[in-house]
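Quick note on full-length UniProt numbering: the sequence shown kicks off at 1 and runs consecutively.
Just so you know, even glycine gets a beta-carbon here, dropped at the ideal spot from N, CA and C.
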Amino acid sequence: MAYSDLYSRSLSDPEGFWLEAAGAIDWVRRPTTSLNAARAPFYEWFTDAEVNTCWNAVDRHVEAGRGKQPAIIHDSPVTGTKHVITYAELKDRVARLAGALRAKGVEKGDRVIIYMPMVPEALEAMLACARLGAIHSVVFGGFAANELAVRIDDCTPKAIIAASCGIEPNRVVHYKPLLDAAIELASHKPDFCVIFQREQEVAQLIEGRDVAWHSFQFGVEPVDCVPVAGNHPAYILYTSGTTGAPKGVVRPTAGHLVALAWTMRAIYDCGPGDVFWAASDVGWVVGHSYICYGPLIAGCTTIVYEGKPVGTPDAGAFWRVISEHRVRSFFTAPTALRAIKRDDPEGRLVGDYDLSRLKALYLAGERADPDTIMWAQRHLKVPVIDHWWQTETGYAIAANPLGIEPLPVKIGSPSVAMPGFDVQILDEGGHPVEPGQLGAIAVKLPLPPGTLPTLWNAEERFRKSYLHHFPGWYETGDAGMKDADGYLYIMARTDDVINVAGHRLSTGAMEEVLASHPDVAECAVIGAGDELKGQTPVGFLCLNKGSGRDHGDVVRECVALVREKIGPVADFKKAVVVDRLPKTRSGKILRGTMVKIADGAAWKMPATIDDPAILDEITLALKAIGYARTSA
């Protein structure tokens, strides 16, 4: 079927569409119905089914005779090591770890926190929990002790599985002291902690609580997969809340399996034996869906990469991995590509590698500016597919379904809504707007399988965060527009749409213009407070390495460019050149914090920030152009 037929059917007959898609999964008890609306708006899928995630991601491939196929390739330039784990080996390792967890009292429904770097053992821990029906919550390795403590108190884990350390290009990140401090801070105390000791740092174990990874599993009998109900939580993943407290997104088991299996073929065009690489981290939703579960459910080989896009050793790192491991589909964040483009603006390092196996590059995590997409198209010579999704949804809301029917690429758009997502652009009153008009992006309920049914122990917060503003809709928190062909354009977070003298303007549109300047490698625009106009845009420009241009000249040219492309209505008059932008560890620019600094408002250090020192640089830059008038 063509995309349009599939999409129409998913909205007119969601029950039939997703029951058919469920045929790709091995069930202990097959679902007889798909959608359960008994507790609407807390919709659930496949509630009468029984299934196990680990069986579908590991065991069934061994049973099908593909045990010798690589399941995981670990490529770690920061430690100088590489190794391959086959599906048969993965099954043995996961079954034994699950057996060790059960021997210490972990059962179906218990929570386990996983606090690890990009090593195969992180995936094994996730899969071992899934094997038992335990609910894992992966916390990004190296997260601050206080943030880890908040998550411990929220999900009350029976056990914590951690590594002794993480490895960065220029330093060792000491995980164990952070873990110890977090447990000290938390009201809830885990029964035990399993510590994976790395060669680079052997951590001190606390007697009676901590046990080393290898001795923990010694002599333990492996265990079989435990069936769970279709709506049983597979995991809890915390996303930063705007009110400070993190939100525990719940992922239901059966919907997760069905949706990810569908996306691997329909969106990424990958199946058994293909090599799939998502250059992310297991601590983020991309790592859950497309480093661990999605590729393994589909029988692919997944790559666990412990390195950076630049500096390990250079801006050709990604191209080496793609060439060496024969990657078919590659998924990364636009911020990683911009870092590569900044170091190698002419793309010279691309030519050093054989990328002939690569069929497509996928971008997500933030808006992909047209200049970065065109740079990648020019040098990689494959389709560059922007797609849009969220931690809450677990997979793409909008994408270009290459495995069904490749659609024309419109640069600046993540293409069209995927099956099950009835996406509309709404005005403040909740009414759909005309094509081309900016508004709030919302999805009509019910959401499709695999998306969040609620937040962990926080149903009322779920309602207020996502369902309250537009009754009957899921509010994405993003602003954008649709064109006449149904293509979506994600212009900014709703909070980043600024009001300049009564005109609602997208900071994303201004960023597109600034990114088109030949000397600009990366940029951000915020709306700073203005007594006369309400808000006024301020630009931050990171220049290409070796640019050599006078900063004042670049700023003047950028101001003129915005005036030419968007018009005087944007009131874009101030910009400043900075060496780098403040970002989360997943690459999202911390625009909200930058606004508070510019306005001289009180702000607190974001828990997910990659490098806190950058905010001092931003404060000085803003003061130089007349902002940040009072200290935080």
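Please classify residue i as buried or exposed, where buried requires at least 16 neighbouring CB atoms within 10 angstroms.
i: residue 568; result: exposed
i: residue 215; result: exposed
i: residue 189; result: exposed
i: residue 532; result: exposed
i: residue 468; result: exposed
i: residue 620; result: exposed
i: residue 146; result: exposed
i: residue 82; result: exposed
i: residue 39; result: exposed
i: residue 626; result: exposed
i: residue 548; result: exposed
i: residue 328; result: buried
i: residue 517; result: buried
i: residue 352; result: exposed
i: residue 187; result: exposed
i: residue 605; result: exposed
i: residue 520; result: buried
i: residue 59; result: buried
i: residue 171; result: exposed
i: residue 28; result: exposed
Could you give the C-beta distance for residue i and residue j, rounded to a whole number, given that I count them as a contact under 8 Å?
i: residue 103; j: residue 211; result: About 11 Å; that fails the 8 Å criterion.
i: residue 505; j: residue 562; result: Rounded, the Cβ-Cβ distance is 11 Å, inconsistent with contact.
i: residue 634; j: residue 98; result: Given that the chain is displayed from residue 1 to residue 632, the structure contains no residue 634 and the question cannot be resolved.
i: residue 369; j: residue 512; result: 5 Å
i: residue 94; j: residue 131; result: 6 Å
i: residue 389; j: residue 255; result: At roughly 15 Å, the Cβ-Cβ gap does not stay under 8 Å, so residue 389 and residue 255 are not in contact.
i: residue 17; j: residue 419; result: 6 Å
i: residue 222; j: residue 92; result: 7 Å
i: residue 566; j: residue 628; result: 25 Å between Cβ atoms; not a contact.
i: residue 125; j: residue 114; result: 5 Å
For residue i, which residues from the same chain have a beta carbon less than 6 Å from its beta carbon, with the 5 sequence-adjacent residues on both sides left out?
i: residue 384; result: 361, 373, 376 and 377
i: residue 417; result: 398 and 423
i: residue 278; result: 286, 290, 291 and 331
i: residue 335; result: 587
i: residue 245; result: none
i: residue 116; result: 122, 141 and 163
i: residue 624; result: none
i: residue 148; result: 139 and 182
i: residue 262; result: 21
i: residue 4; result: none
Once DSSP output is grouped into helix, strand and coil, what is the label at residue i?
i: residue 1; result: coil
i: residue 547; result: coil
i: residue 119; result: coil
i: residue 614; result: helix
i: residue 29; result: strand
i: residue 173; result: strand
i: residue 14; result: helix
i: residue 598; result: helix
i: residue 74; result: strand
i: residue 242; result: With a pLDDT of only 44 at residue 242, under 50, the local geometry of the prediction cannot be trusted, and the value read off the model is given with reservation. In this structure, residue 242 counts as coil in the three-state DSSP scheme.
i: residue 375; result: helix
i: residue 632; result: Only weak support is given to the placement of residue 632: the predicted model assigns it a pLDDT of 40, under 50, and the value that follows is read from those uncertain coordinates. In the structure shown, residue 632 sits in coil (DSSP, three-state: anything other than H, G, I, E or B).
i: residue 146; result: helix
i: residue 491; result: strand
i: residue 417; result: strand
i: residue 619; result: helix
i: residue 251; result: strand
Within the same chain, show all residues whose beta-carbon is closer than 7 Å to that of residue i, passing over the 5 residues directly before and after it, in chain order.
i: residue 250; result: 233, 236, 452, 453, 454, 455 and 456
i: residue 181; result: 145
i: residue 242; result: Reliability of the predicted coordinates at residue 242 is poor, the pLDDT of 44 falling under 50, and the value obtained from them is presented with this limitation in mind. Same-chain partners within the cutoff: there are none.
i: residue 266; result: 401, 403 and 404
i: residue 55; result: 26 and 225
i: residue 120; result: 72, 74, 85 and 304
i: residue 522; result: 338, 342, 542 and 581
i: residue 185; result: 145, 146 and 149
i: residue 19; result: 31 and 34
i: residue 599; result: 528 and 529
Report whether the distance from the Cβ of residue i to the nearest heavy atom of the ligand GTP is below 7 Å.
i: residue 254; result: As for the ligand GTP, it is missing from this structure, which has no ligand bound.
With a threshold of 8 Å on Cβ separation, who are the neighbours of residue i within its own chain once the five nearest residues in sequence on each side are excluded?
i: residue 438; result: 425, 479, 480, 481, 491, 497, 504 and 506
Strictly under 8 Å for the Cβ-Cβ distance: is residue i near chain D by that measure?
i: residue 312; result: Considering every chain present, this structure includes no chain D. It has just one protein chain.
At least three beta-carbon pairs within less than 8 Å, the region 333-353 to the region 362-382: yes
For the structure I just gave you, are there three or more beta carbon pairs, one from the region 565-583 and one from the region 542-556, closer than 8 Å? yes
Does the contact criterion of 3 or more C-beta pairs under 8 Å hold for the region 156-167 versus the region 132-143? yes
Three or more C-beta pairs closer than 8 Å, one from the region 292-302 and one from the region 263-271: is that the case here? yes
Could you check whether the region 385-395 touches the region 352-369, counting it as contact only if at least three pairs of C-beta atoms, one from each stretch, sit closer than 8 Å? yes
Does the contact criterion of 3 or more C-beta pairs under 8 Å hold for the region 71-91 versus the region 162-176? yes
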